[in-house]
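S.K.: Can you keep this structure in mind? I'll have questions shortly.
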């Protein structure tokens, strides 16, 4: 009995140790705390209110989910520049579907059923769009940057052609009602959507064979092929998953604006890459965790909501600040990796002597 | 002959020819003087920028910050010249814009040489900073009254063609000369100098390039500085062409240029690529976006069509490489 208890506390200790053995996560937690403390110290009467918190928590899932999509493609050693277009395209298609099948006098139950159908339709469509990128990458051999650039133009083009460049409005109210609902008046539905996506993805990445093989392929494609992994299959699953996640984010955007457009969230691509790099995803593949993404999304949202409190900082400064943060993180990582390498070298020399 | 069939330039030329005749048979307006001049006019900006992108992609890098560099240097130059009420020769405007671009490009080059990370991510960061700097710090907006030398240049033409049938005429702007100068310069650098050899070597294998005695950092400074300078000049040219300074005019141009260069047979992995191919690629992309109206296709389909062309164009060359690799692997396994 005592032994059992001992074992359990040991495991807990190990879990804590795990968190702090990953220097990246530790650093992110510290950054989060600093950002939070700074903002609450600067404007406590705005920042520390329930409304501000609710709006903050409701906003980040849109690009948070896109960032997770970007992360899995970056773990595989690729990148998904088409994610935002997929989000908009599936959003438009779903809205058209809802408009077509929900009459004005529909009962709530019927409308909810159609909405669920629309959700699945949009996820399947997103997966299909991802499969196009995957085919181009694995079967044709186009490098991921270019392939997703091409599919981005293709899907964005289709979205523009569908909407003739304008927006789709008069969407049945059920979508925005569900999407903007606050559970208990505090927790936005979008946050729940993000948490579900994050949990599913972290389960897939850490507990399934696919997840293991994804990290393996990202670290070394040749080694993974010679160990008997079907790389093409991994690429397909990765980009289909990415497309599906993007479609969820697309629905959230349509719900928030209560319209569908081809050019929502065009800055999210850049933001998602920034979040990935900030969270320690290696652009060359092989590294990245959902926990890291969640932490860096929160940091970014706190910063950007924080800047909103100062009216003299125009929105355009955000581009500048994101770019500067990205470069600063890259510089910091570079210097710390160099220092580590030097330290291990010194150790090796010392042990030899 | 077999060599010809394997070259991307050949297929791009075929596509261009096919497109020419398709447009001609549909509208009867393709081989008219004014349409060809319009085409040449729209080639100027993508042509100049593609030359810089070509050098970068040959060296194994990629840059998405050059439209931001072009817009920032264009806007700040025009603003500066308006501020001092400049009246001298117009070449100074180009030199200032080029120098601003050069400095911004050198910042890119420095970061890339120091951090040794994927150039896409670094230039995404710097591009975002440059754009934010222009829009937030300089508070950019459209300037419609240009300094006198620039507005004078934008009304100077090499020659004019009249279309009697439609009663419209098009003129070739003088800045077309800049495109020719850039193409000749890049051709000379890539094919006739040690610097060009170094750029190809860098794209082929960075370690081998270093062992062969090239200074990789210095090469990278040159490549991204050159791109920055070209972008500055191209931004100024854009102002001359449109007759007003629109700060957001080039957003999204990076993808068009990269697509054009890749279409022309340049390998994204580096080490391969020709000036001829890049020009043909730029011509094809320009033709598609320019001539869709002549074909009767609504303009909102143009993005879709460029997407298809990028996929087909890059797919053709990528598939050949993949097949060669598979053949190689198969022969290894048979032995």
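Chains as they are written, first to last, in my numbering: chain A, 450 to 802; chain B, 63 to 397. Beta carbons: idealized from backbone N, C-alpha and C, even for Gly. The structure displayed is predicted, hence computed values, not measured ones.
Using the Cβ count rule (16 or more neighbours within 10 Å means buried), how would you classify residue 126 of chain B?
M.R.: Label assigned to residue 126 of chain B: buried.
S.K.: Taking the C-alpha atoms as reference points, what is the distance between residue 589 of chain A and residue 701 of chain A?
M.R.: Each residue's alpha carbon lies about 33 angstroms from the other.
S.K.: Along chain B, in chain order, which residues have C-beta atoms closer than 9 angstroms to that of residue 656 of chain A?
M.R.: The contacting residues do not exist; residue 656 of chain A stays about 30 angstroms from chain B at best.
S.K.: Check whether the Cβ of residue 180 of chain B lies closer than 8 angstroms to any Cβ atom in chain A.
M.R.: Taking Cβ atoms only, chain A reaches closer than 8 angstroms to residue 180 of chain B, which makes this a yes.
S.K.: Below 8 angstroms CB to CB, which residues in the same chain sit around residue 302 of chain B once its five sequence neighbours on both sides are set aside?
M.R.: These residues qualify, in order along the chain: 212, 215, 216, 235, 237.
S.K.: What do you reckon, are the CB atoms on residue 637 of chain A and residue 506 of chain A nearer than 8 angstroms?
M.R.: Yes, they are a contact pair.
S.K.: In whole angstroms, what is the alpha-carbon distance linking residue 469 of chain A and residue 477 of chain A?
M.R.: Model confidence at residue 469 of chain A stands at a pLDDT of 49, short of 50, so the residue's coordinates are unreliable; what they give is reported in the following sentence. Distance between the alpha carbons of residue 469 of chain A and residue 477 of chain A: 11 angstroms.
S.K.: Taking only beta-carbon atoms, is residue 598 of chain A less than 8 angstroms away from chain D?
M.R.: Of the chains in the structure shown, none is chain D; the protein chains are A and B.
S.K.: If you check the beta carbons only, do residue 286 of chain B and residue 167 of chain B fall under 8 angstroms apart?
M.R.: Against a cut-off of 8 angstroms, the Cβ pair of residue 167 of chain B and residue 286 of chain B comes out as a contact.
S.K.: Which residues mark the beginning and the end of the alpha helix (DSSP H) in which residue 651 of chain A is found?
M.R.: Taken as a continuous stretch (DSSP letters only), the alpha helix (DSSP H) holding residue 651 of chain A covers 638-656.
S.K.: Could you name the residues of the stretch 361-383 of chain B whose beta carbon sits closer than 8 angstroms to any beta carbon of chain A, in the order they occur along the chain?
M.R.: Flagged, chain order: 362, 363, 364, 365, 366, 367, 368, 369, 370, 372, 373, 376, 377, 380, 381, 383.
S.K.: Note down, in chain order, each residue of its chain lying with its Cβ closer than 6 angstroms to the Cβ of residue 95 of chain B, except the 5 sequence neighbours on either side.
M.R.: Closer than 6 angstroms at the Cβ level, and outside the excluded window around residue 95 of chain B, lie 223.
S.K.: Would you mind working out which of B:389, B:371, B:363, B:284 sits nearest residue 257 of chain B, comparing C-alpha positions?
M.R.: The shortest Cα separation from residue 257 of chain B among B:389, B:371, B:363, B:284 belongs to B:284.
S.K.: Quick check on DSSP: helix, strand or coil for residue 222 of chain B?
M.R.: It is a strand residue.
S.K.: Of all Cβ atoms in chain A, is any one closer than 8 angstroms to the Cβ of residue 168 of chain B?
M.R.: No, residue 168 of chain B lies away from the interface with chain A (no Cβ there is under 8 angstroms from its Cβ).
S.K.: Helix, strand or coil: which one does DSSP assign to residue 356 of chain B?
M.R.: Three-state result, residue 356 of chain B: coil.
S.K.: Using a Cβ-Cβ cut-off of 8 angstroms (strictly less than) and excluding sequence neighbours within five positions of residue 332 of chain B, which residues of its own chain qualify?
M.R.: Counting only Cβ-Cβ distances below 8 angstroms, and skipping sequence neighbours, we find 119, 120, 121, 122, 123, 264, 265, 266.
S.K.: In angstroms with no decimal places, state the Cα-to-Cα distance between residue 362 of chain B and residue 600 of chain A.
M.R.: Straight-line Cα distance between these residues: approximately 16 angstroms.
S.K.: Looking at chain B, which residues of the stretch 710-724 of chain A have a Cβ within less than 8 angstroms of any of its Cβ atoms?
M.R.: The residues in question are 719, 722, 723.
S.K.: Please state if the CB of residue 78 of chain B and the CB of residue 342 of chain B are separated by a distance shorter than 8 angstroms.
M.R.: Cβ atoms of residue 342 of chain B and residue 78 of chain B: closer than 8 angstroms.
S.K.: Taking only runs of the beta strand (DSSP E) that begin and end inside the stretch 213-297 of chain B, which ones reach a length of at least 3 residues, in chain order?
M.R.: Correct list: 219-225, 230-235.
S.K.: For residue 760 of chain A, would you say it is in contact with chain B, using Cβ-to-Cβ distances shorter than 8 angstroms as the test?
M.R.: For residue 760 of chain A, the answer is no, since every Cβ of chain B falls outside 8 angstroms of its Cβ.
S.K.: Compute the Euclidean distance between the alpha carbons of residue 657 of chain A and residue 649 of chain A, then round it to the nearest angstrom.
M.R.: Those two C-alpha atoms are separated by around 11 angstroms.
S.K.: Closer than 6 angstroms by C-beta to residue 398 of chain B: which residues in its own chain qualify, once you throw out the five before and the five after it? Chain order, please.
M.R.: Here chain B has residues from 63 to 397 only, and residue 398 of chain B is not among them.
S.K.: Take residue 526 of chain A as the anchor and find which of A:778, A:586, A:697 has the nearest alpha-carbon.
M.R.: The residue with the shortest Cα to Cα distance from residue 526 of chain A is A:586.
S.K.: With a threshold of 16 other CB atoms inside 10 Å of the CB of residue 512 of chain A, please say whether the residue is buried or exposed.
M.R.: Residue 512 of chain A is buried by the Cβ-count criterion.
S.K.: Got a sec: which bits of the stretch 326-350 of chain B sit with their beta carbon under 8 angstroms from any beta carbon on chain A, in order along the chain?
M.R.: Under the 8 angstroms Cβ criterion, the stretch 326-350 of chain B contributes 330, 331.
S.K.: Between the Cα of residue 735 of chain A and the Cα atoms of A:799, A:660, A:607, which residue gives the shortest distance?
M.R.: Considering only alpha carbons, the answer is A:660.
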